[in-house]
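Trainee: Got a structure for you, questions after.
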Amino acid sequence: MKTVSVSLVGVGGQGIILTSDLLARAAAIAGYDVKKSEIHGMAQRGGSVTSQVRFGDAVYSPIIPHGTADILVSFDKVEALRSASVLSSGGTALVNDMYLVPVTVSSGQQSPVKDLDGRVGRTFKSLILLDAQKIATEEVGNERTMNMVIAGALSTLCPFEEKVWLEAMKELLSGPKAKLLDVNRKAFAIGRERAKAS
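Here the sequence shown stands for residues -5 to 192, where the numbers follow the numbering used here.
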């Protein structure tokens, strides 16, 4: 199997690292060689966070070369545009329908992005747009599960079964975190359902 490259982007506090850990663990359980890298900008202050996961028969580097990602997962529309160049021409963008005002905009250093929705729609040929925050809040009943809604949607783009994802989730949410397993499974299932329907 060729190497599959997934770039996950967003801002600090959105659960990007847990989502990428889940993807990496699921790929490993499915029997793939996996490499993962993380870049934490000013994460505690709402800065950019990027995690790259590559899996396949033999993966030699965690770094995704420019223009070669198969999947771009963005937890925010601005970050999707900022990271669009990592995606291959045949790749798919999974974008959370959310706009977080960047610090540079709220501080007056930059102007807001004009026609954000239009730009996102024009930038990505293959796009899954999902309001994960709304789903997490209104349907799951826990806004902190937004990342698992996104993970569920991501699972529809990856070549391994749902049970592998759930096994990986159980491993990651063990010990004191085990109490969070049911609500995260629910969020994952709804995200998966929504992505299949889109």
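A virtual CB, placed ideally from N, CA and C, is assigned to each residue, including glycine.
Our contact map puts T94 next to V72 with C-beta atoms below 8 Å; I'd like the distance itself, whole angstroms only.
Mentor: Before going further, note that residue 94 is Leu rather than Thr in the sequence given. Their Cβ separation, rounded to whole angstroms, is 7 Å, which keeps L94 and V72 in contact under 8 Å.
Trainee: May I have the straight-line CA-CA distance separating G50 from G102, to the nearest angstrom?
Mentor: C-alpha separation (whole angstroms): 44 Å.
Trainee: Three-state secondary structure (DSSP) at I58?
Mentor: Coil at I58, not helix or strand.
Trainee: Determine whether the beta carbon atoms of V43 and L17 lie at a separation below 8 Å.
Mentor: No; because the gap between Cβ atoms is not below 8 Å, this pair is not in contact.
Trainee: Starting from V89, trace the alpha helix (DSSP H) both ways and give me its first and last residue.
Mentor: No alpha helix (DSSP H) contains V89, which is instead part of the beta strand (DSSP E) from L81 to N90.
Trainee: For K29, which three-state DSSP category applies?
Mentor: Here K29 sits in strand by DSSP.
Trainee: Run the CB neighbour count on M(-5), radius 10 Å, all protein chains shown included, and call it buried at 16 or more, exposed below.
Mentor: M(-5) is exposed by the Cβ-count criterion.
Trainee: Within this structure, are the beta carbons of G41 and I65 separated by less than 8 Å?
Mentor: Going by C-beta atoms, G41 is not nearer than 8 Å to I65.
Trainee: Classify A126: buried if its beta carbon has 16 or more other beta carbons within 10 angstroms, exposed otherwise.
Mentor: So A126 counts as buried.
Trainee: Sort out for me which residues DSSP pairs A63 with in a bridge.
Mentor: Partner(s): L81.
Trainee: On the criterion of 16 or more Cβ atoms from any shown chain inside 10 Å, does D70 qualify as buried, or is it exposed?
Mentor: Buried, by the Cβ-count rule.
Trainee: Whose C-beta lies closer than 6 Å to the C-beta of G9 among residues of the same chain, with five residues either side of it excluded?
Mentor: Around G9: N141.
Trainee: Going by CA-CA distance only, name the one from Q46, V107 and V89 that's closest to S120.
Mentor: S120 has its Cα closest to that of V89, out of Q46, V107 and V89.
Trainee: Rounded to whole angstroms, what's the CA-CA distance from L172 to F182? Just pull it up for me.
Mentor: For the sequence presented, residue 172 should be read as Ala rather than Leu. So the alpha carbons of these two residues sit roughly 15 Å apart.
Trainee: Using a 10 Å radius around the Cβ and a threshold of 16 neighbouring Cβ atoms, would you call Q46 buried or exposed?
Mentor: It counts as buried.
Trainee: Rounded C-beta distance between M163 and R179? I'm assuming under 8 Å.
Mentor: Confirmed, about 7 Å.
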